[in-house]
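Chemist:
Protein chains: 6
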Amino acid sequence: MMRSDGRKPENLRSLSIKTGVNLYAEGSVLVEMGNTKVLCTASVEEKVPPFLKDQGKGWVTAEYGMLPRSTHERNSREAAKGKQSGRTQEIQRLIGRSLRSVVDTKKMGVRTITIDCDVLQADGGTRTASISGGFVAMCLAFSELHKRGLMPEWPVREYLAAVSVGVVEGEPVLDLCYTEDSGAETDMNLVMTESGHFVEIQGTAEETPFSRQTLDTLLGLGEKGIREIIVCQKSVFSFPGGSHS
Amino acid sequence: MMRSDGRKPENLRSLSIKTGVNLYAEGSVLVEMGNTKVLCTASVEEKVPPFLKDQGKGWVTAEYGMLPRSTHERNSREAAKGKQSGRTQEIQRLIGRSLRSVVDTKKMGVRTITIDCDVLQADGGTRTASISGGFVAMCLAFSELHKRGLMPEWPVREYLAAVSVGVVEGEPVLDLCYTEDSGAETDMNLVMTESGHFVEIQGTAEETPFSRQTLDTLLGLGEKGIREIIVCQKSVFSFPGGSHS
Amino acid sequence: MMRSDGRKPENLRSLSIKTGVNLYAEGSVLVEMGNTKVLCTASVEEKVPPFLKDQGKGWVTAEYGMLPRSTHERNSREAAKGKQSGRTQEIQRLIGRSLRSVVDTKKMGVRTITIDCDVLQADGGTRTASISGGFVAMCLAFSELHKRGLMPEWPVREYLAAVSVGVVEGEPVLDLCYTEDSGAETDMNLVMTESGHFVEIQGTAEETPFSRQTLDTLLGLGEKGIREIIVCQKSVFSFPGGSHS
Amino acid sequence: MMRSDGRKPENLRSLSIKTGVNLYAEGSVLVEMGNTKVLCTASVEEKVPPFLKDQGKGWVTAEYGMLPRSTHERNSREAAKGKQSGRTQEIQRLIGRSLRSVVDTKKMGVRTITIDCDVLQADGGTRTASISGGFVAMCLAFSELHKRGLMPEWPVREYLAAVSVGVVEGEPVLDLCYTEDSGAETDMNLVMTESGHFVEIQGTAEETPFSRQTLDTLLGLGEKGIREIIVCQKSVFSFPGGSHS
Amino acid sequence: MMRSDGRKPENLRSLSIKTGVNLYAEGSVLVEMGNTKVLCTASVEEKVPPFLKDQGKGWVTAEYGMLPRSTHERNSREAAKGKQSGRTQEIQRLIGRSLRSVVDTKKMGVRTITIDCDVLQADGGTRTASISGGFVAMCLAFSELHKRGLMPEWPVREYLAAVSVGVVEGEPVLDLCYTEDSGAETDMNLVMTESGHFVEIQGTAEETPFSRQTLDTLLGLGEKGIREIIVCQKSVFSFPGGSHS
Amino acid sequence: MMRSDGRKPENLRSLSIKTGVNLYAEGSVLVEMGNTKVLCTASVEEKVPPFLKDQGKGWVTAEYGMLPRSTHERNSREAAKGKQSGRTQEIQRLIGRSLRSVVDTKKMGVRTITIDCDVLQADGGTRTASISGGFVAMCLAFSELHKRGLMPEWPVREYLAAVSVGVVEGEPVLDLCYTEDSGAETDMNLVMTESGHFVEIQGTAEETPFSRQTLDTLLGLGEKGIREIIVCQKSVFSFPGGSHS
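Chains as they are written, first to last, in the working numbering: chain F, 23 to 267; chain U, 23 to 267; chain X, 23 to 267; chain A, 23 to 267; chain P, 23 to 267; chain C, 23 to 267.
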């Protein structure tokens, strides 16, 4: 089977992670997966939310947004509608939860890192690109704090990335573009660590419930894709020496 | 290992599905799983949302809410705060999507069924109880339409239920109560059909990413629990004769 | 005249007050008047609103909500609409004001009791049922505090209940059901104490203004009904010994 | 007993109703009761709300607002806070309901009259002044339609006015100013027609429940005050000849 | 050229500034320019917004609103719509900024003056009338503080007023009424001080961009109008002796 | 005088306008003025707002937003706060009004062009950069319609651009960066056409009102800057042959 853009079922789209794309943010990344482009910035604030008061811990959180014309048809601006959609809130909760899973919040100090993921152009997989790119932006901000001596111990336990997999026209494929995604029978987002452990599995049968065997194939494809994305992350950011067992 | 309420790891809490609990709704159910109690009503309206206009299809959607004192500590009322939380929206999208996965929306006719799931008392697993109970409420409403001759063909393809699984103190367990859930290392919600196919898998590592082997164990526990819940559903509602292959 | 449900003009519907219906709330009641069912919980918080700061007094407040399908036709969920209707706010202000009229807020201590009245099924008279049931839920919560030695003096001055009266097809009647209420020429809600004093009179001529003589008849009917409701309240909750003159 | 402003218990404050105070509105009135000043405008629109579609009837509705510095201390502007308080909504529902009680909505034609009651200065009794003044503004707008031949039959059945009564320092008094109102044991708003029938009775015991005898005294005082207000209304507006039996 | 109301191009409408129109406000003014009527109140609060904390300065701010029937056709009430329009916010920012430009916020003390400008009747020029009237209301409030010895030094540097100018049917004119404004090719609001310096210039070409020469003519007309308004302001309020160089 | 970034008072920052930066939008531009970067997209919809119904005209409108970390310190996301600030609304009204001033809305056909201006990085002058860039994005969208034969006549009358000028440390300067802007005594935004006519003048004295002579100097600087920006606009987009006199 040949996919609409000529890829094989087990191939990622071309991937690029560009750092230092914002003058002010403590960490910033422009991540591109095919035509999907997401700008991720990490902002450090020396305070934590009320529920963490007096616990000696930090917090990592995320916000997500799509520019109105990041999509084929223009979408209403959420700020103009006066509220974030359920989809937006679901995605930003997922991004924050995923990033926190590999961070030792005691080591990061009593501060908050906010990852803003703004989609400049959308062609499927914006939430997984946000996680893969947001991870690097977060690391860059931590690295800045580490270099300035404000955070003695490196708090990130291991690399982490995300990718989508799905069943399109009966065939399991990796990294769906928008056309594939909107017609997929099954759609799954995977977040994994470098050591091959799962952080999130979110699989949905849009119309046809899927079998255990299909699930196994999808998990295999996802693991392959995530390994490749982590290679790319490492090419632009390495953990500080000695901090990563 | 003995669990806090004396159950074995592979046991469900006591389950009860009571029908006909609301005088007005086309279908209604009070589902209890241990101390979790959810009131599910199914309401039929003879119209569809704008995006389905002129397609000859119906729609199934869900709303979810918790009474302010359904929880240990009182929570603010969402109507008073003026908006639904991200968690609420995420859950009601999940319930609606799950129920639609087993419904032939062409057969149900050009109408909307709204499943309201209101949590009277919460002790973990409210979203999965809402799906298992909401499924029966939906079937009761369809049955009503079917009996009145307003919907000639039965539109539900097969039984469907949901359950939570997770890793608590290092051990995989089925159907977590609130105490277990809040301390779980991994938390997963599964929605499956009677034929053993997956509709939703939503697994989250709260702190410790989990291995493929743990995933397999959890999927097994979940499948067992869902089979038992479907037995209970069948004891209060049977598909109309001949309509279910 | 025989009423639609066979009652005489001066009869209440069948009344039931069931206590202990919620595992967590300090006080809880399920009140049923005919087909109207309201779940009332009383929640204690050890703080008071800002306007009572440093006054050595407590506060009793109420919130009210209707489940979407508590009514003949499904109503939109207020949390989804993003605001409470004027009707909802009017009712919850009435409930709170009524309950406070018999409470010595100095004796109750510097704490807040919030009465949540959630209508599971509505057939007229939901606001008066909320007051009659909420009164008992409040007393149960006070009793809990009293028993634990946290509130030495009993703060409730006397029993209090509420009922609706109205003119239906020219005839004054007690405790209107929904059908009666929606066609009533005059509709009145009365809140009274055991000693026969008025706490609230809210009478409205829907179309035909009413005479002084009609008013007198309605007040008489209401007083009779309230006495009967207080008998029922006393059967499930007695003031602690010696605290009630 | 002498009241704070030298009045006797059964006296109204000085009352003034000035018409034609707005260049654009179909009817307009500035009503002053002592230091309370309310600007009432009546606006005609040739359409009705959706729930009256195809019924051949009109609608009368009201909106109410207080200018931020109409009160002793400045209050936040409701438009800036983004919502109307429960009190505001309760009052505007009361005004609309009261005015509709004397209008034959079939005779008024398929149109909406909106009465805007904006409080320029508040010293107690703003809701009752809004009703008494809004009634005249409404009549002026109907008169305008009547004169232009757009509404052949006069739709207002009789004069209607409102006043507050209450118990202050143990004594029943008429037409409470702010100082009296904020310290009153009982507070009651009455809306009555010229023929002496009740349209609304809203009585509240702020702290001390009140007896039947007190109620009777208050009703007598209110009736006296309303008769005097109607005399003042008639001095500025007479029903068109022959239309009022 | 004769204007619709008989004025010459360089004439203001009849102008009236009446003080002491509100019983409670520290300063109050009813300003009328032709048929435009704006009620301006100045309210003093002994606190400042968070961004001025610990700076030893005061703050002047403004809010603006139109009564629903201040206009030819009734407009929706902003409090009912739940938000202030962009136009409202733009105007209140302009009023506040203009007034602050002539106030020494150190001399005024650590307090906030809020100027509420509520349009009772609108016939063009409501924002400039609000500034000219709001200036006097602010001075009255400062004068009150000064007299009571609460603010030793007079904080207002010089008189300030505002007026509109524009190009109507090709001709530059001063102080546009609504009919002129809605058909103007160019519309400009000017805020100036007594010494002839500019505080705000807001010029907009509605359809036809305008030349430098037209701009010069408009600025001349505006300056003339503002001088005349300041004469009127001085007739109702003089700076305290010796405080104004 | 040397400015903080080494420019002379009459110099623009380095300017770049890059087209075709979005895969889906009918017109798209990334405009950079020094460190200020704004992404402008033009989206065509074949419908107009209700107020233009049946008038045979089109509409041009704009929306504006800043990414949360486009600024030195992170700002809250407007979508999360649930409303757009007054500043945002004021800016998007300015952009829309400015662009419409050079468009013949009859020639553009019955359609709407929405210009989204999203600030990726802010260093002063974001609203003027949005107008200069948005103008090109709009032209590109019109050009697309023109080429496809969907809009026979070219609707844009002439080139248009915008720039800021101001008084910094007593000296008039062109094109203020953020540091200059935040300390400026006077701040002015100018929108002009290629023929040297004014579309908008918005000048504000932040603390010190400014003289007529200063105004004249600022207008001269602004005209010079706008001419240079139009040269840059022409280098990336030329009006179709014969359409521009």
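Beta carbons: idealized from backbone N, C-alpha and C, even for Gly.
Kindly list, in the order they appear in chain A, the residues whose Cβ is closer than 9 Å to that of A237/X.
Modeler: In the third sequence, counting from the first residue as 1, residue 237/X sits at position 215. For the record, residue 237/X in the displayed sequence is Leu; it is not Ala. Those are F220, I223 and L241, listed as they occur along chain A.
Chemist: Report the neighbours of Y200/U on chain X: residues whose CB is nearer than 7 Å to its CB, in chain order.
Modeler: By 1-based counting over the second sequence, the position of residue 200/U is 178. Here the premise fails: no neighbours, minimum Cβ distance about 11 Å.
Chemist: How big is the Cα-Cα spacing for D126/X and L162/X?
Modeler: Sequence index remark: in the third sequence, residue 126/X carries index 104 (1-based). Sequence index remark: in the third sequence, residue 162/X carries index 140 (1-based). About 16 Å.
Chemist: Within the chosen definition, does the segment 134-145 of chain A reach the segment 171-191 of chain A through at least 3 CB pairs nearer than 8 Å?
Modeler: Because the criterion of three Cβ pairs below 8 Å is not met, the segment 134-145 of chain A and the segment 171-191 of chain A do not touch.
Chemist: Can you give the Cα-Cα distance for V221/F and A184/C, rounded to whole angstroms?
Modeler: For the purposes of this step, residue 221/F is taken as the residue at position 199 of the first sequence. For the purposes of this step, residue 184/C is taken as the residue at position 162 of the sixth sequence. Taking the straight line from one Cα to the other gives about 50 Å.
Chemist: How big is the Cα-Cα spacing for L172/A and K129/U?
Modeler: As a first step, residue 172/A must be located in the fourth sequence, where it is residue number 150. As a first step, residue 129/U must be located in the second sequence, where it is residue number 107. Each residue's alpha carbon lies about 52 Å from the other.
Chemist: Could you give the distance in angstroms between the alpha-carbon of W81/X and the alpha-carbon of T134/X?
Modeler: In the third sequence, residue 81/X corresponds to position 59, counting from 1. In the third sequence, residue 134/X corresponds to position 112, counting from 1. Looking at the backbone, the Cα of W81/X and that of T134/X are separated by about 5 Å.
Chemist: If you count every other CB in all the chains shown that lies within 10 Å of the CB of Q235/F, and 16 or more means buried, which is it?
Modeler: Stepping through the first sequence from its first residue, residue 235/F is reached at position 213. Exposed, because fewer than 16 other Cβ atoms sit within 10 Å of the Cβ of Q235/F.
Chemist: Under a three-way DSSP split, which group does S65/F fall into?
Modeler: Indexing the first sequence from 1 puts residue 65/F at position 43. The answer is strand: DSSP assigns S65/F an E or B state.
Chemist: Whose C-beta lies closer than 6 Å to the C-beta of L37/F among residues of the same chain, with five residues either side of it excluded?
Modeler: Stepping through the first sequence from its first residue, residue 37/F is reached at position 15. Excluding residues within five positions, the ones whose Cβ falls inside 6 Å are M55 and C254.
Chemist: What runs of the alpha helix (DSSP H), each 4 residues or longer, lie entirely inside the segment 168-207 of chain X?
Modeler: DSSP runs (the alpha helix (DSSP H)) wholly in the segment 168-207 of chain X: 200-205.
Chemist: Using only alpha-carbon positions, find the residue among R96/U, L89/U and H94/U that is nearest to A101/X.
Modeler: Within the third sequence, the letter at position 79 stands for residue 101/X. When each option's Cα is compared against that of A101/X, the closest is L89/U.
Chemist: According to the Cβ coordinates, are V132/C and V70/C closer than 8 Å?
Modeler: On the sixth sequence, position 110 is the one that residue 132/C refers to. On the sixth sequence, position 48 is the one that residue 70/C refers to. The answer is yes: Cβ separation under 8 Å.
Chemist: Taking the beta carbon of F164/F as the centre, do at least 16 other beta carbons fall within 10 Å, making it buried, or is it exposed?
Modeler: For the purposes of this step, residue 164/F is identified with residue 142 of the first sequence, where counting begins at 1. With 16 or more other Cβ atoms within 10 Å, it is buried.
Chemist: For G42/X, which residues in the same chain have their Cβ closer than 7 Å to its Cβ, ignoring the five residues on either side in sequence?
Modeler: The residue given as residue 42/X occupies position 20 in the third sequence. Here the set comprises S50.
Chemist: Whole-angstrom Cβ separation of C199/U and C139/U, contact assumed at under 8 Å?
Modeler: Here residue 199/U is taken as the residue at index 177 of the second sequence, counted from 1. Here residue 139/U is taken as the residue at index 117 of the second sequence, counted from 1. At roughly 19 Å, the Cβ-Cβ gap does not stay under 8 Å, so C199/U and C139/U are not in contact.
Chemist: Measuring only the C-alpha atoms, how far is F259/P from Y181/P?
Modeler: Your numbering for residue 259/P matches position 237 in the fifth sequence. Your numbering for residue 181/P matches position 159 in the fifth sequence. Here the C-alpha atom of F259/P lies approximately 10 Å from the C-alpha atom of Y181/P.
Chemist: Does A144/X come out as helix, strand or coil in the three-state DSSP assignment?
Modeler: Taking the third sequence and counting its residues from 1, the one referred to as residue 144/X is at position 122. Of the three classes helix, strand and coil, the one that applies to A144/X here is coil, per DSSP.
Chemist: What residues in the segment 88-121 of chain X bring their beta carbon closer than 7 Å to a beta carbon of chain A?
Modeler: Flagged, chain order: K105, G108, Q111, E112, R115 and R119.
Chemist: Roughly how far, in whole angstroms, is the beta-carbon of S152/C from the beta-carbon of R96/F, given that I think they are within contact range, below 8 Å?
Modeler: Taking the sixth sequence and counting its residues from 1, the one referred to as residue 152/C is at position 130. Taking the first sequence and counting its residues from 1, the one referred to as residue 96/F is at position 74. Wrong, their Cβ atoms sit about 17 Å apart, outside the cutoff.
Chemist: Taking Cβ to Cβ, would you say I117/U is nearer than 8 Å to I137/U?
Modeler: Residue 117/U sits at position 95 when you count from the first residue of the second sequence. Residue 137/U sits at position 115 when you count from the first residue of the second sequence. In this structure, I137/U lies closer than 8 Å to I117/U by Cβ.
Chemist: For S123/U, go through chain F and note every residue whose CB falls closer than 9 Å to its CB, in chain order.
Modeler: Position 101 of the second sequence, counted from the start, is the residue given in the question as residue 123/U. T226, A227, E228, E229, T230 and P231, listed in chain order.
Chemist: Taking I248/C and M214/C to be in contact with their CB atoms under 8 Å, please state how far apart those CB atoms are, rounded to whole angstroms.
Modeler: On the sixth sequence, position 226 is the one that residue 248/C refers to. On the sixth sequence, position 192 is the one that residue 214/C refers to. Rounded, the Cβ-Cβ distance is 5 Å, consistent with contact.
Chemist: For A47/P, which of helix, strand or coil comes out of DSSP?
Modeler: Looking up residue 47/P in the fifth sequence gives position 25. Coil.
Chemist: Using the Cα positions of K105/X and E250/P, report the straight-line distance between them to the nearest angstrom.
Modeler: Indexing the third sequence from 1 puts residue 105/X at position 83. Indexing the fifth sequence from 1 puts residue 250/P at position 228. Going from the Cα of K105/X to the Cα of E250/P covers about 49 Å.
Chemist: Measuring only between beta-carbons, confirm whether L61/C sits less than 8 Å from chain F.
Modeler: Within the sixth sequence, numbered from 1, the residue matching residue 61/C stands at position 39. Chain F contact via Cβ: present.
Chemist: If we cut at 8 Å on Cβ distances, does D76/X have a partner in chain U?
Modeler: Along the third sequence, read from residue 1 onward, the residue named residue 76/X stands at position 54. Not one chain U Cβ lies under 8 Å of D76/X.
Chemist: May I ask which residues mark the beginning and end of the alpha helix (DSSP H) holding V221/U?
Modeler: Position 199 of the second sequence, counting from 1, holds the residue named residue 221/U. Looking at the DSSP string, V221/U is not in any alpha helix (DSSP H); the run it does join, the beta strand (DSSP E), is F220 to A227.
Chemist: What would DSSP say about L241/F, mapped onto helix, strand or coil?
Modeler: What you label residue 241/F is simply residue 219 of the first sequence in a count that begins at 1. Helix at L241/F.
Chemist: Using 8 Å as the threshold, is the C-beta distance between G192/C and T208/C below it?
Modeler: Along the sixth sequence, one-based indexing puts residue 192/C at 170. Along the sixth sequence, one-based indexing puts residue 208/C at 186. Contact: no.
Chemist: Rounded to the nearest angstrom, what separates S217/P and K30/P at their Cα positions?
Modeler: As a first step, residue 217/P must be located in the fifth sequence, where it is residue number 195. As a first step, residue 30/P must be located in the fifth sequence, where it is residue number 8. Their backbone Cα atoms lie some 26 Å apart in a straight line.
Chemist: Would you list the one or two residues that DSSP bridges to N211/U?
Modeler: Counting from one through the second sequence, the residue named residue 211/U turns up at place 189. Partner(s): S186/U and Q224/U.
Chemist: What first and last residue would you give for the beta strand (DSSP E) that runs through K40/C?
Modeler: Mapped onto the sixth sequence, residue 40/C falls at position 18. Where K40/C is concerned, the enclosing beta strand (DSSP E) stretches over L37 to T41.
Chemist: Is it buried or exposed, H219/F, if we count other Cβ atoms within 10 angstroms and call 16 or more buried?
Modeler: Here the question's residue 219/F lines up with position 197 in the first sequence. Per the 10 Å Cβ criterion, buried.
Chemist: Contact criterion: CB-CB distance below 8 Å. Does D138/C meet it with respect to chain F?
Modeler: By one-based count along the sixth sequence, residue 138/C stands at place 116. At least one chain F Cβ lies under 8 Å of D138/C.
Chemist: Ignoring anything shorter than 3 residues, give me the beta strand (DSSP E) runs that lie fully in the segment 61-111 of chain C, in order along the chain.
Modeler: 81-88
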